[in-house]
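Just so we're aligned, residue 756 is where the sequence shown starts under my numbering, counting upward by one. Don't be surprised by glycine CBs; every beta carbon is placed ideally from N, CA and C. All values derive from a computational prediction rather than experimental measurement.
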Amino acid sequence: MDRHYVGLLMVLPAIVIMAVLTLYPIFYSIYLSFHDFSASHRLKYVGLSNFMSSIGNRLFQISFMNTVLFVVGATVTEVILGLCLALIFMWEFRGRGILVPLIVLPMMLPTIVVCSFWRILMHTEFGVLNAMIKLLGFKPINWLGSSNIALWSIVLVDLWQYTPFVFLILYAGAISIPRHIFEAAIIDGANRLQIIRYHVIPFLKPYIVIVALLRIIDTFRIFDKVYALTAGGPGNATEVLTFLIYKIAFRYYEFGLGSAQAIIMLCIVLIVVCFYIILTRRGRTR
756 MDRHYVGLLM VLPAIVIMAV LTLYPIFYSI YLSFHDFSAS HRLKYVGLSN FMSSIGNRLF
816 QISFMNTVLF VVGATVTEVI LGLCLALIFM WEFRGRGILV PLIVLPMMLP TIVVCSFWRI
876 LMHTEFGVLN AMIKLLGFKP INWLGSSNIA LWSIVLVDLW QYTPFVFLIL YAGAISIPRH
936 IFEAAIIDGA NRLQIIRYHV IPFLKPYIVI VALLRIIDTF RIFDKVYALT AGGPGNATEV
996 LTFLIYKIAF RYYEFGLGSA QAIIMLCIVL IVVCFYIILT RRGRTR
C-alpha cells in the first residue's frame, strides 16, 4: 500500500472524531436556527424569523456591545502588558528564572478557582481591594455590583489570568532573537530603547499578530467568568453573547432562537478573523 494512503488511514480515526464532535453540532445548530424548536413547540420551519428577531432584539444588541467592549478592553490591554513584560524579561538579570514561572502561574489555575479568589478580593465590605482603598482615604467600590464597573472588573480578572499567556509567547519570541544582533547594535552605539524599537519590535510582529488573534477569539467567547462572577448582572451590564445564548437555550428552552444567535456569533467571529488575516497579509506584502 502507498505510504500516502497509510498516513491517511492513521489519521482517519482522529478526523472522524473531530467531524462528529465539531462539524455535526455546527450543522445541526444551523438546521435548528431555521426552526421554532422549544420545550412547548414541535419542530417547525420559520425561515429567517429567528435571525431577524435576534438582530432586532434590544437585549441581543446590549449583549453584543458588552462582548465588543470586553474583547477590545481585554485583548488590547493584555497584548500591551504582555509585550512590556516580555521586553523587560528578555534581558538577563538576577532572579529572572524565579520570576518567570511566578508570572505564568495564574494561567495554570482553573477559571473557577480564579473567579472564587477574585470574588473574595472584590467583596464590597470585606475584600482586600476595598480595604486598601479605604486606607488611602477613598470610598469603597462595588466592583461586581455596579453597572458601570462590573464589566471592567471581569476584564481585570481576565487580565490577571491571561496576560501571562501573552507574555509567555512574546517572551519566547524575544529570547529567540540571535544575540549577535544586539551585540552589533551595541557596538554601533545603540542603547536598549533603540534596540527594542528597531530590532526587537519588528522581529516580534508575527508573534504579536498571532497572540492578538488568539486572544480576540478567546475573549469573544467569554462565558465562565461572567457566569461565576456576576451571572450577567447587575441587570444586563455584564451579559455577553455566550451567556445570553446559554440562557435562551438552556433556561428558556428556546433552542431554535438560541441556535440562531449562536450562528450569528459564529459569523461575527469568522468575519473578524478573516478581516484580521487580510490586514496582516497586506502588511506583509508592503
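Can you check whether the CB of Leu838 is closer than 7 Å to the CB of Leu776? In this structure, the beta-carbon distance from Leu776 to Leu838 does not fall below 7 Å.
Excluding sequence positions up to five away, which residues of its chain have a Cβ less than 8 Å from the Cβ of Gly802? The answer, listed in chain order, is Phe789.
What whole-angstrom Cβ distance do Ala905 and Leu899 have, given they're in contact under 8 Å? The beta-carbon separation of Ala905 and Leu899, rounded to 5 Å, stays under the 8 Å limit for a contact.
If you pair each beta-carbon of the segment 932-946 with each one of the segment 994-1008, do three or more pairs fall below 8 Å? No: the two stretches stay apart, fewer than three of their Cβ pairs being nearer than 8 Å.
Could you tell me whether the segment 978-995 touches the segment 860-879, where touching means 3 or more Cβ pairs closer than 8 Å? As far as the Cβ criterion goes, the segment 978-995 touches the segment 860-879, which means the pair count is three or higher.
Can you tell me whether Gln816 is buried or exposed, with buried defined as 16 or more other CB within 10 angstroms of its CB? Looking at its Cβ environment, which holds fewer than 16 other Cβ atoms inside 10 Å, Gln816 is exposed.
Count the other CB atoms within 10 Å of the CB of Leu1012; is the residue buried (16 or more) or exposed (fewer)? Buried.
Expected contact under 8 Å - CB spacing of Val834 and Val964 to nearest Å: Val834 to Val964, Cβ: 10 Å. No contact.
Three-state secondary structure (DSSP) of Ser809: Ser809 falls in the helix class under three-state DSSP.
For Ser793, the residue or residues it bridges with in DSSP: Ser793 is bridged by DSSP to Glu1009.
Quick check on DSSP: helix, strand or coil for Lys889? Three-state DSSP puts Lys889 in a helix.
With distances taken Cα to Cα, identify the nearest neighbour of Arg970 among Val826, Gly811 and Ile858. Answer by Cα proximity: Val826.
Could you please give me the residues that DSSP links to Tyr1001 through a beta bridge? According to DSSP, Tyr1001 bridges with nothing at all.
Could you compute how far the alpha carbon of Gly850 sits from the alpha carbon of Leu948? One C-alpha to the other measures close to 22 Å.
Quick one: what's got a C-beta closer than 8 Å to Leu914's C-beta in the same chain, skipping five residues either side? Within the same chain, Cβ atoms closer than 8 Å to the Cβ of Leu914 are found at Ala829, Thr832, Glu833 and Leu836, the five residues on either side in sequence being excluded.
On the three-state DSSP scale, how would you describe Lys799? Here Lys799 carries a strand assignment [DSSP, helix/strand/coil].
Express the C-alpha separation of Ala841 and Gly990 in angstroms, rounding to a whole number. Computed Cα separation, rounded: 39 Å.
Do you know how far the Cα of Phe998 is from the Cα of Trp907? Near 17 Å, if we compare the C-alpha coordinates of Phe998 and Trp907.
Three-state secondary structure (DSSP) at Gly944? Coil.
Can you tell me which of the three DSSP states His878 falls into? Here His878 sits in coil by DSSP.
Buried versus exposed, by CB contacts within 10 Å (16 or more), Val883: Burial call: exposed.
Leu716 versus Val955 - alpha carbon distance: Only positions 756 to 1041 of the chain appear in the structure, and residue 716 is not among them; the question remains open.
Do you know how far the Cα of Ile1026 is from the Cα of Leu959? Straight-line Cα distance between these residues: approximately 25 Å.
Taking the alpha carbon of Pro957 as the reference point, which residue from Ile941, Ile932 and Gln1016 has its own alpha carbon closest? Ranking Ile941, Ile932 and Gln1016 by CA distance to the CA of Pro957 puts Ile932 first.
What's the C-alpha gap between Pro919 and Gly944? Between Pro919 and Gly944, the C-alpha separation is close to 33 Å.
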